[in-house]
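Reminder that position 388 of the sequence shown reads as 388 in the numbering used here, one-by-one numbering, no gaps. Heads up, the beta-carbon is just placed ideally off N, CA and C, and yes, glycines get one too. The model shown is predicted, which means the values in this text are computed figures rather than measured ones. What follows is a short report on a single structure.
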Amino acid sequence: MRLSFRPRIPGPAPSRALWLQIAACAVLAWAWWRATPAIYVPPVWPHPAQTVAPETLAAPAPAQPPVAPPVQSASLGANTIEVIVQANDTLDSIFRRLKLGLADLASLRALPGLKRMLDALKPGEALHLTERDGDLVGFKRRLSPSETLNVTRDGQGFSADVLKNPLETHVRTASGTIDRSLYEAVAAAGARDQTALALAQIFGWDIDFALDIRPGDSFAVTYEELFEDGKFVKDGAVLAAMFRNNGRVYRAARYVDPTGAANYYTPEGRSLRRAFLRTPVDFTRVSSTFDLHRMHPILNLIRAHTGVDYAAPMGTPVHAAGSGHVRFMGDKGGYGNAVEIDHSQGIVTVYGHLSRFAQGIHVGSRVNQGELIAYVGMTGLATGPHLHYEYRVNGVFENPQSVHLPDALPIEGEWLADFKEKSAPLFASLDGATVITLVAR
Ligand SMILES: [Zn+2]
């Protein structure tokens with residue numbers, strides 16, 4: 001689009017008074033232009049105000065006093081337009097509407113990885129286009145609550161960056177007492193499902209949230225809420241939490257250690273995690289419990305069931321219960337395809353009836369807790385897809401559902417003082433919230 005303005009005055013040459021009037025208008029227009037934010041919301045394009053270039057207007061007014069120079073010479077004459085995307089709009093149609101060069105759009109699209117970020121405009125979303133004399137010099141699109149695409153002219157071409165949107169963090173403490181479910185109690189305390197889920201994850205090592213929750217159990221949780229321009233975007237991390245289950249109180253605070261790893265610890269610095277997952281698979285149901293006197297469904301004779309059977313759809317991922325190294329992988333008779341992991345200190349876990357093994361896993365592989373090792377199947381003696389899982393200590397079969405699982409490592413000694421200093425106010429905020437809850441009841 002060309003930004004130019006020629007006063008069309010019919011009849012004889014303009015009088016001196018008219019020129020003065022134009023000069024006065026020019027000063028006002030310039031002042032208005034300087035004071036207006038760079039972003040306009042034009043109800044229609046072209047907006048009448050934007051067809052007027054202040055420099056052009058100011059030109060025929062030699063008597064006018066000097067005006068403050070533009071802050072950035074690069075932005076001189078540049079014009080940022082906020083476009084609210086309409087139904088059926090494409091960048092193509094928007095560029096045509098704004099009379100912007102389609103070649104610029106083509107070079108924008110040609111930038112590596114950018115096509116995806118330019119497609120699928122959502123009606124109602126705002127795009128910010130900056131142009132100078134019909135040439136695109138800048139383009140901004142919010143990709144997500146946390147990211148904005150920022151394209152700027154770079155010589156003949158363009159360069160693109162994905163910027164992090166600045167988010168404001170508010171710390172909030174919520175507390176409540178469970179009547180029916182944790183989710184309902186968390187919602188009643190003004191927090192969201194994500195916080196309920198975080199509580200279940202933090203304390204899930206000690207409390208079975210499906211079976212152990214009692215009416216009257218209570219919680220307090222201090223967590224972050226992230227805002228942008230005063231609008232809630234999402235929940236951040238849970239900083240500290242307390243859960244009272246059946247009279248027992250569990251407390252935890254989050255600590256990001258100097259290596260950047262975040263974990264939850266008790267006030268004494270013990271890890272809330274265990275060295276082993278209780279169940280190494282997302283199961284549908286327990287199809288057979290640990291029972292040393294069981295009638296075998298296929299062999300039809302009393303035969304000890306030395307593990308737990310977790311029924312799960314074919315192909316469900318199976319994870320290493322704890323860190324260790326793979327000591328066996330392959331076909332193992334009635335177990336079908338099986339993996340055995342040696343966790344040292346006499347502990348071995350066994351995974352049977354697998355359909356296949358995960359890529360990169362072989363005998364001798366070092367695996368971490370939670371790492372994908374194989375997939376649920378029904379190889380060997382199995383009536384349906386399930387994982388047969390065993391936990392052995394010094395060659396003795398233990399019940400995986402009830403065996404005492406060793407704690408994960410506590411906080412490093414050298415970081416303990418730092419943790420205690422940082423977590424003290426968090427634990428204090430939880431205790432304060434708990435007192436309020438007790439008073440309120
Ligand atoms: Zn079994």
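Local conformation of residue i per DSSP, three classes
i, result
"F357", "strand"
"R109", "helix"
"M117", "helix"
"I373", "strand"
"F95", "helix"
"V186", "helix"
"D407", "strand"
"I302", "strand"
"D179", "coil"
"L226", "strand"
"E414", "helix"
"A53", "Per-residue confidence for A53 stands at a pLDDT of 34, beneath the threshold of 50, marking its modelled position as unreliable; no derived number is given."
"P425", "helix"
"T316", "coil"
"T169", "strand"
"P65", "Note on P65: pLDDT 39, under 50, position unreliable in the model; the coordinate value appears next. DSSP places P65 in coil when its eight states are reduced to three."
"T90", "coil"
"A382", "coil"
"A210", "coil"
"A352", "Strictly speaking, residue 352 in this sequence is Gly, with Ala absent from that position. If DSSP states are grouped into helix, strand and coil, G352 belongs with the strands."
"L197", "helix"
"G334", "helix"
Same chain only: Cβ atoms within 6 Å of residue i, ignoring 5 sequence neighbours per side
i, result
"E421", "none"
"N150", "K140, D161 and L163"
"L129", "I81 and F139"
"A433", "T173, S175 and A220"
"R34", "Its pLDDT being 46, under 50, R34 is placed unreliably by the model, and the measurement read from it follows with that caveat. Same-chain partners within the cutoff: there are none."
"G77", "R132"
"I94", "V83"
Among the options, the one whose alpha carbon lies nearest that of residue i
i, options, result
"L111", "R153, N79 and G124", "R153"
"S288", "A188, S107 and Y389", "Y389"
"T379", "F397, F357 and G370", "F357"
"Q359", "L129, L426 and L372", "L372"
"A321", "A338, T177 and F276", "F276"
"M117", "R109, F290 and G124", "R109"
"W415", "D89, A261 and P166", "A261"
"F328", "P313, G315, G364 and G124", "G364"
"H362", "H325, Y351 and Q401", "H325"
"S159", "S144, V308, L136 and E147", "L136"
"I341", "G315, Q369 and T316", "Q369"
"E225", "D206, S218 and K234", "K234"
"R392", "G384, F419 and H305", "H305"
"A252", "Y264, A424 and P258", "Y264"
Check whether residue i and residue j have beta carbons under 8 Å apart
i, j, result
"I84", "A126", "yes"
"Y454", "V339", "Given that the chain is displayed from residue 1 to residue 441, the structure contains no residue 454 and the question cannot be resolved."
"R254", "D407", "no"
"L197", "R278", "no"
"T266", "A240", "no"
"E184", "N165", "no"
"L91", "L121", "yes"
"Q401", "V308", "yes"
Proximal residues to residue i (C-beta, below 8 Å), its chain only, five neighbours per side dropped
i, result
"G204", "none"
"L354", "V318, G336, N337, A338, V339, A374, Y375, V376, G377, T379 and L387"
"D179", "A185 and P215"
"H293", "I302 and A304"
Q: Jot down the residue ranges of each uninterrupted beta strand (DSSP E) in the stretch 253-291, minimum 3 residues, whole runs only, in chain order.
A: 262-265 and 285-288
Q | Chain-ordered list of residues that sit, by beta carbon, closer than 5 Å to a heavy atom of ligand 3 | A | Of the ligands this structure carries, namely ligand 1, none is ligand 3.
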